[in-house]
Amino acid sequence: MRFVCPSFSDIYAPNVEVKNFPDGDSYVRVPDAKEGAGKDVFLFTRLYPNQDASIFQTILALRAIKAAKPKSITLVVPYLPYSRQDKVFKDGEVKSAEILCEILAREGAGKLVTFDCHFLKKEGEFTYGGLKIKNISLNKKIIEKAREIAGGEIEIMSPDEGANYLVSDVGGTSMKKVRGDYVKGNEAYREIKEMKMSADVLGKSVLIIDDMISTGSTMLKAVENVKGGGAKKVICAAAHGFFLKDSLAKLNASGEVFVSDTIPSPVSAVSIKPVLDGLFK
Ligand code: R5P
Numbered sequence: 039m040r041f042v043c044p045s046f047s048d049i050y051a052p053n054v055e056v057k058n059f060p061d062g063d064s065y066v067r068v069p070d071a072k073e074g075a076g077k078d079v080f081l082f083t084r085l086y087p088n089q090d091a092s093i094f095q096t097i098l099a100l101r102a103i104k105a106a107k108p109k110s111i112t113l114v115v116p117y118l119p120y121s122r123q124d125k126v127f128k129d130g131e132v133k134s135a136e137i138l139c140e141i142l143a144r145e146g147a148g149k150l151v152t153f154d155c156h157f158l159k160k161e162g163e164f165t166y167g168g169l170k171i172k173n174i175s176l177n178k179k180i181i182e183k184a185r186e187i188a189g190g191e192i193e194i195m196s197p198d199e200g201a202n203y204l205v206s207d208v209g210g211t212s213m214k215k216v217r218g219d220y221v222k223g224n225e226a227y228r229e230i231k232e233m234k235m236s237a238d239v240l241g242k243s244v245l246i247i248d249d250m251i252s253t254g255s256t257m258l259k260a261v262e263n264v265k266g267g268g269a270k271k272v273i274c275a276a277a278h279g280f281f282l283k284d285s286l287a288k289l290n291a292s293g294e295v296f297v298s299d300t301i302p303s304p305v306s307a308v309s310i311k312p313v314l315d316g317l318f319k
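For the sequence shown, the working numbering assigns the number 39 to the initial residue and increments by one for each residue that follows.
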């Protein structure tokens, strides 16, 4: 039995109602929840953008589904928010990623299916925060697409060592990125202090691949390095594209850029639908 939130309507027809009361509170209704009784149930939802509201709406949907006593509930969330906050760097911080997984497990998600989860760094089955997670990587599809765009061989690079796992199996190399401390003000953001590249890219077509493009600072700095090294063509790609601020315009101006549709965007060129269709026939 499939329950689909409106945030997933580009892939499957929604049958969960998600609205807002006039004051902004969330309203969620799963009209066919009872049909899930005794069955394996799948809840498809995106948790980005508006992640905090979307997480709460998902909790409400899980409660409605759970009340009908299904055999199991699998939650399908293409991009898992808070996945970059799985470590404590400073006293008084918390592991938001772990807390989110704990909440989802407690609310009845027997398993989470997601794509290129930042803290897992490889494909497979894991348990984190008490939640079973199936992590699927779009890396192969992204590299295939980049080869198609380049029309031949490409040099593959990641913009930092954290994303080395995306390139190590395909003979790629990683740049070294160092971030500074949090900037002053209300935004929890650490600027890039430096990024070094040692690979020879002179006259080559280069794919810079990361798990996500957020403000775009990482990719834009990496593009600067690669162009400075004399590359003839630069393609930027990631599984998840937030494209905050004016980063998409800047990246478009500096070369080719594409992402998957875990977060739909104007440059989503790799679809998760065939993967999901294959998993949930
Ligand atoms: C960091 O560890 C991630 O893999 C990405 O490199 C990072 O989140 C990209 O962020 P931004 O686009 O803001 O530089």
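We treat Cβ as the ideally placed atom computed from N, Cα and C, and that holds for glycine.
Rounded straight-line distance, which links the Cα of residue j to that of residue i
i, j, result
"isoleucine 251", "alanine 71", "36 Å"
"valine 54", "alanine 237", "49 Å"
"cysteine 155", "proline 60", "34 Å"
"valine 79", "glycine 218", "44 Å"
"serine 196", "lysine 259", "12 Å"
"tyrosine 117", "glutamine 89", "10 Å"
"valine 115", "aspartate 198", "25 Å"
"phenylalanine 41", "leucine 169", "20 Å"
"glutamate 161", "leucine 204", "10 Å"
"valine 132", "proline 119", "15 Å"
"aspartate 20", "lysine 172", "Since the displayed the chain opens at 39 and closes at 319, residue 20 lies outside it and no answer follows."
"alanine 291", "leucine 282", "15 Å"
Short Cβ contact (8 Å threshold) for residue i with residue j
i, j, result
"leucine 113", "serine 298", "no"
"isoleucine 141", "isoleucine 97", "yes"
"glycine 74", "alanine 51", "no"
Among the options, nearest to residue i - alpha-carbon criterion
i, options, result
"tyrosine 220", "Thr211, Lys231, Ser212", "Lys231"
"cysteine 139", "Asn224, Phe94, Pro52", "Phe94"
"isoleucine 180", "Gly210, Arg144, Leu245, Lys77", "Leu245"
"lysine 178", "Val308, Arg144, Gly316, Arg228", "Val308"
"proline 108", "Ser92, Val126, Ala143, Gly148", "Gly148"
"glutamate 262", "Phe280, Met235, Leu286, Asp284", "Met235"
Nearest-angstrom beta carbon gap, residue j and residue i [assumed within contact, 8 Å]
i, j, result
"serine 241", "lysine 265", "Note on identity: in this sequence residue 241 is glycine, with serine being the wrong assignment. Rounded, the Cβ-Cβ distance is 12 Å, inconsistent with contact."
"aspartate 249", "alanine 226", "Not really, about 19 Å apart at Cβ, beyond 8 Å."
"arginine 84", "serine 110", "Between serine 110 and arginine 84 the Cβ distance is about 21 Å, and since that is not below 8 Å, they are no contact."
"leucine 289", "glycine 254", "6 Å"
"alanine 201", "isoleucine 192", "So it is not a contact: roughly 16 Å between Cβ atoms."
"phenylalanine 280", "isoleucine 301", "6 Å"
Beta carbon proximity, residue i to chain D, threshold 8 Å
i, result
"lysine 179", "The displayed structure is made up of one protein chain only, and chain D is not part of it."
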